[in-house]
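As numbered in my numbering, residues 20 to 800 make up the sequence shown, in order.
All C-beta atoms, glycine included, are put in the ideal place defined by N, C-alpha and C.
Only one structure is covered here, and it is reproduced in the block below.
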Amino acid sequence: MTNSGLGKKFVCGLTAFAGWAATSTVLAQVQSEAAPTTVQPASVGPEEVIVTARRRDERLQDVPLAVTAVSSAELQHQNILSVAQLSQAAPALVTVPASGGGRSQPVFTIRGLSAQELSVIGDPSVSTYLGDVVMARTQGMNAALFDVGSIEILRGPQGTLFGRNTTGGAVVIRPNRPTDRFEGRVALTGGNFETFNTEAMINVPVGELLKVRVAAVNRKDDGFVYDELLGRNINDTDQQAARVSALLTLPGDAEVLTVYDYFRDDSGSTPGFIKHVNPNGSFNGEAYRAARGYRPLETLLSEQQARGIYRVANGTPLFNDIKTHTFSNTITVPLSDDVSIKNILGYRTVWDELRDDVDGTESALFPQERNDRGHQVSEEFQLLGTAGRLDWITGLYYFREKGRTQAESYAGAVDPGPIEPRHVEEYEGPAYSITDVAGENTSYAVFAQGTYELLDGLKLTAGARYTRDEREATIRNRTRSACRFTLDQDGDPATPETTPALGDCAVTNDASFSEPTYNISLDYQFADSKLVYLAHRHGYRSGGFGSRAASQAGLARTFEPESVDDVEIGLKADWRPGDVFLRTNLAAYYSKYEDIQRILTDPNVAPVTAVTTNAGRARIQGIEAELMVRPIESLELSADYAYTDAEFTEFIAPDGTDLSNAPFARAPKNVYTFGARYTLPIDASRGDISLGGSFYHVDEYSAVDDVIPGVTGVAARELVNADVSWNAVLGSRFDVSAYVTNLLDKQNSSLFVTLNGLGFTSHIAEEPRRYGVSVRYHFGE
Numbered sequence: 020m021t022n023s024g025l026g027k028k029f030v031c032g033l034t035a036f037a038g039w040a041a042t043s044t045v046l047a048q049v050q051s052e053a054a055p056t057t058v059q060p061a062s063v064g065p066e067e068v069i070v071t072a073r074r075r076d077e078r079l080q081d082v083p084l085a086v087t088a089v090s091s092a093e094l095q096h097q098n099i100l101s102v103a104q105l106s107q108a109a110p111a112l113v114t115v116p117a118s119g120g121g122r123s124q125p126v127f128t129i130r131g132l133s134a135q136e137l138s139v140i141g142d143p144s145v146s147t148y149l150g151d152v153v154m155a156r157t158q159g160m161n162a163a164l165f166d167v168g169s170i171e172i173l174r175g176p177q178g179t180l181f182g183r184n185t186t187g188g189a190v191v192i193r194p195n196r197p198t199d200r201f202e203g204r205v206a207l208t209g210g211n212f213e214t215f216n217t218e219a220m221i222n223v224p225v226g227e228l229l230k231v232r233v234a235a236v237n238r239k240d241d242g243f244v245y246d247e248l249l250g251r252n253i254n255d256t257d258q259q260a261a262r263v264s265a266l267l268t269l270p271g272d273a274e275v276l277t278v279y280d281y282f283r284d285d286s287g288s289t290p291g292f293i294k295h296v297n298p299n300g301s302f303n304g305e306a307y308r309a310a311r312g313y314r315p316l317e318t319l320l321s322e323q324q325a326r327g328i329y330r331v332a333n334g335t336p337l338f339n340d341i342k343t344h345t346f347s348n349t350i351t352v353p354l355s356d357d358v359s360i361k362n363i364l365g366y367r368t369v370w371d372e373l374r375d376d377v378d379g380t381e382s383a384l385f386p387q388e389r390n391d392r393g394h395q396v397s398e399e400f401q402l403l404g405t406a407g408r409l410d411w412i413t414g415l416y417y418f419r420e421k422g423r424t425q426a427e428s429y430a431g432a433v434d435p436g437p438i439e440p441r442h443v444e445e446y447e448g449p450a451y452s453i454t455d456v457a458g459e460n461t462s463y464a465v466f467a468q469g470t471y472e473l474l475d476g477l478k479l480t481a482g483a484r485y486t487r488d489e490r491e492a493t494i495r496n497r498t499r500s501a502c503r504f505t506l507d508q509d510g511d512p513a514t515p516e517t518t519p520a521l522g523d524c525a526v527t528n529d530a531s532f533s534e535p536t537y538n539i540s541l542d543y544q545f546a547d548s549k550l551v552y553l554a555h556r557h558g559y560r561s562g563g564f565g566s567r568a569a570s571q572a573g574l575a576r577t578f579e580p581e582s583v584d585d586v587e588i589g590l591k592a593d594w595r596p597g598d599v600f601l602r603t604n605l606a607a608y609y610s611k612y613e614d615i616q617r618i619l620t621d622p623n624v625a626p627v628t629a630v631t632t633n634a635g636r637a638r639i640q641g642i643e644a645e646l647m648v649r650p651i652e653s654l655e656l657s658a659d660y661a662y663t664d665a666e667f668t669e670f671i672a673p674d675g676t677d678l679s680n681a682p683f684a685r686a687p688k689n690v691y692t693f694g695a696r697y698t699l700p701i702d703a704s705r706g707d708i709s710l711g712g713s714f715y716h717v718d719e720y721s722a723v724d725d726v727i728p729g730v731t732g733v734a735a736r737e738l739v740n741a742d743v744s745w746n747a748v749l750g751s752r753f754d755v756s757a758y759v760t761n762l763l764d765k766q767n768s769s770l771f772v773t774l775n776g777l778g779f780t781s782h783i784a785e786e787p788r789r790y791g792v793s794v795r796y797h798f799g800e
């Protein structure tokens with residue numbers, strides 16, 4: 020690891036400024052003859068949080084669903100800069116690296132449900148939205164978070180009102196809308212590992228009808244994993260992002276909101292290191308090693324353990340190059356006082372090139388490179404309104420996506436020497452392989468939902484959606500010299516398939532899936548800000564194709580849609596015993612899954628690869644709690660907890676093995692956080708100073724569906740974070756804050772890839788202690 024001189028100087032300078040200002044404030048107060056005027060909030064309760072979990076603005080406490088809302092202030096206090104870090108603020112959301120995708124492609128798990136298929140032929144269990152537009156592919160998902168109003172985490176099936184069916188839930192990123200004020204800010208952040216981040220925003224009303232908001236961020240650091248063979252850190256950060264939003268207000272309160280979002284990542288890639296060795300792995304035999312110039316894997320593991328997780332000797336020139344463009348246009352037109360129409364148009368493109376070293380050693384055991392190209396378009400039309408005691412919404416949805424994934428690998432390359440080639444195709448020998456998948460997905464849906472107030476405070480909500488998904492995939496998997504699958508070239512299923520020439524190495528399959536989904540709930544507001552609810556939902560995730568089989572018949576096999584039926588009971592209540600404010604948001608659920616989709620290694624496919632299969636049945640139940648108390652005006656304490664009990668009731672692997680007793684992948688049983696924030700009672704003219712801290716814990720869990728005891732598990736871990744912030748320093752327009760994450764400098768790692776049959780399992784080092792100081796300047800009205 021390296022700590023920069025520039026970063027240290029920047030942090031020291033800002034810290035000195037903060038210390039001087041703090042001292043000045045204390046002295047000014049001590050010398051003041053008048054009694055100080057302390058900051059007095061209008062109420063000890065928190066600010067109202069508005070969410071759109073039911074596609075209309077509602078108070079968080081009025082929504083009869085399990086929803087977590089993370090505010091921009093929380094993101095800032097906890098130094099959450101990307102979606103991969105969200106689990107620290109919302110324990111019901113577990114974030115892990117995608118197997119073989121690494122840092123650029125995080126996988127979300129909610130209530131035990133997740134998906135690790137990275138190509139266009141499968142859909143996630145948890146969908147991510149930027150505003151109202153779904154981001155269908157995980158590529159580029161780990162984008163910078165900036166100028167965000169809030170992030171909503173919807174737990175449980177979301178197949179009625181949201182555009183893409185999901186069985187686990189949804190993560191909705193809500194960027195700030197343009198406002199009618201001229202305002203802006205500039206922020207600088209410096210920290211260890213040469214961290215230097217800049218962020219800027221300006222909001223300009225152009226006359227009475229048009230408002231424009233522009234925001235941008237640039238994030239850089241040197242990384243924290245050093246490659247001894249390359250002589251440099253290999254997981255540096257170099258990200259740029261920008262967003263332009265324009266809000267046009269038309270006569271009759273109609274409005275047009277147009278948003279363009281750009282993201283570019285030219286960072287180092289995943290810093291893998293060897294974690295476990297199988298002495299009997301096929302790549303660890305003496306003759307196999309001798310022919311390729313490998314040293315024993317046990318020796319490489321011993322040397323890596325001596326280095327520690329933040330130093331490697333891989334010699335692989337990693338890269339992580341991603342570009343995304345996202346566009347949305349939302350038109351809202353009131354037809355009357357009670358009825359409106361809304362049209363949401365979305366478009367997104369993804370381009371990436373990734374180079375990883377999945378074995379995490381000096382040997383070229385399994386070099387890997389990925390290239391993804393894709394674009395999507397979505398169109399949603401809504402008609403919504405109220406009629407007496409009824410709030411209703413209905414609409415139509417269309418989604419179309421085209422993409423291509425080319426995953427290159429080399430199983431057991433001849434060792435090229437200390438420094439490996441930049442691209443996988445540059446390795447010599449016959450074991451080069453490419454999985455080349457082009458796909459086109461189309462989805463159509465019609466939906467309706469209504470909420471009717473049966474009695475004062477008692478409401479019934481019912482909604483339904485019908486979805487049809489169509490998939491087409493063209494597979495061109497090959498080696499340097501041969502097609503990787505056979506074809507029925509004579510059109511006679513009775514005769515054996517044969518291997519085609521490279522020029523004919525392509526097969527196209529198509530399939531369609533459809534499903535009605537629905538939800539029904541009953542909620543009762545038995546007192547002010549106190550709500551109980553009971554909900555039942557049926558959700559669905561589309562089926563798809565396997566892309567790695569060795570025959571045309573195998574490639575034509577589909578995996579079936581995944582469906583879920585759940586029951587959820589919850590309480591959302593604010594209590595005010597005396598001068599104390601207490602919030603208790605509780606939820607308990609029970610879910611049954613059919614044809615649950617899992618990824619397993621298929622022993623009948625060469626080269627070594629994984630396939631998506633329907634596991635059969637599963638049962639998941641759990642409890643979630645979000646608690647917050649303010650015993651005094653200046654002190655806030657919080658505790659969030661997610662308990663997940665997941666088990667398969669039927670799970671048969673592709674080779675017929677019964678895995679029904681296997682642990683559920685990426686489903687830790689207990690995840691919880693504790694937080695505290697204290698606001699100093701200083702003179703209001705001096706600004707406001709607050710100190711905060713949090714503790715995060717996640718249990719041990721299995722990272723993959725192919726469970727190997729002692730190998731595929733990820734150890735339990737705890738993180739302690741702390742921060743201090745001073746807003747409106749000395750009554751100025753400056754804010755100063757300092758943060759430290761992983762305060763105890765815990766050395767944690769997550770599973771990267773397990774190829775135990777070949778002889779190795781690799782991990783990814785997670786962040787060590789990070790600290791820094793930020794300065795923000797606000798301008799405008």
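As assigned by DSSP and simplified to three states, the class of residue i
i, result
"Asp584", "strand"
"Arg499", "coil"
"Pro440", "coil"
"Asp81", "helix"
"Gly250", "coil"
"Pro270", "helix"
"Asp240", "strand"
"Ser91", "helix"
"Gly454", "Note that residue 454 is Thr in the sequence shown, not Gly. The answer is strand: DSSP assigns Thr454 an E or B state."
"Ser101", "strand"
"Glu317", "helix"
"Leu324", "Looking at the sequence provided, one finds Gln at residue 324 rather than Leu. Helix, per DSSP."
"Phe181", "coil"
"Val526", "strand"
"Glu645", "strand"
"Ala306", "helix"
"Ala703", "helix"
"Val433", "coil"
"Leu763", "coil"
C-alpha gap between residue i and residue j, whole angstroms
i, j, result
"Asp375", "Leu384", "12 Å"
"Val743", "Arg232", "29 Å"
"Ser51", "Gly706", "Note that Ser51 scores 36 on pLDDT, short of 50, meaning its location in the model is unreliable; the coordinates nonetheless yield the value given after this. Those two C-alpha atoms are separated by around 16 Å."
"Ile99", "Pro787", "15 Å"
"Gly597", "Ser793", "38 Å"
"Val377", "Gly393", "24 Å"
"Asn528", "Val113", "34 Å"
"Glu247", "Ala332", "5 Å"
"Ala310", "Gly300", "16 Å"
"His555", "Phe545", "21 Å"
"Met160", "Arg696", "30 Å"
"Leu105", "Gln97", "10 Å"
"Val730", "Ser264", "47 Å"
"Val586", "Ala426", "40 Å"
"Ser653", "Thr208", "27 Å"
"Asp475", "Tyr281", "47 Å"
Supposed close pair residue i, residue j - CB separation, criterion 8 Å
i, j, result
"Ala637", "Ile651", "Incorrect: roughly 46 Å between the Cβ atoms, too far for contact."
"Tyr691", "Asp659", "6 Å"
"Ser16", "Val152", "The chain is shown from 20 up to 800; residue 16 falls before or after that span and cannot be answered."
Continuous beta strand (DSSP E) assignments of at least 3 residues falling wholly in the stretch 150-179: 152-154 and 167-174
Which runs of the alpha helix (DSSP H) fall wholly inside the stretch 556-618 and span at least 4 residues, in chain order? 571-575
Could you tell me which uninterrupted beta strand (DSSP E) segments, each at least 3 residues in length, are contained entirely in the stretch 329-414, listed from first to last along the chain? 338-353, 358-376 and 386-406
contact_flag[the stretch 744-763, the stretch 724-731] where n(CB pairs < 8 Å) is 3 or more: no
Taking contact to mean 3 or more Cβ pairs, one atom from each stretch, closer than 8 Å, check whether the stretch 231-245 and the stretch 311-322 are in contact. no
Beta strand (DSSP E) segments (min. 3 residues) lying fully within the stretch 655-730: 689-698 and 707-717
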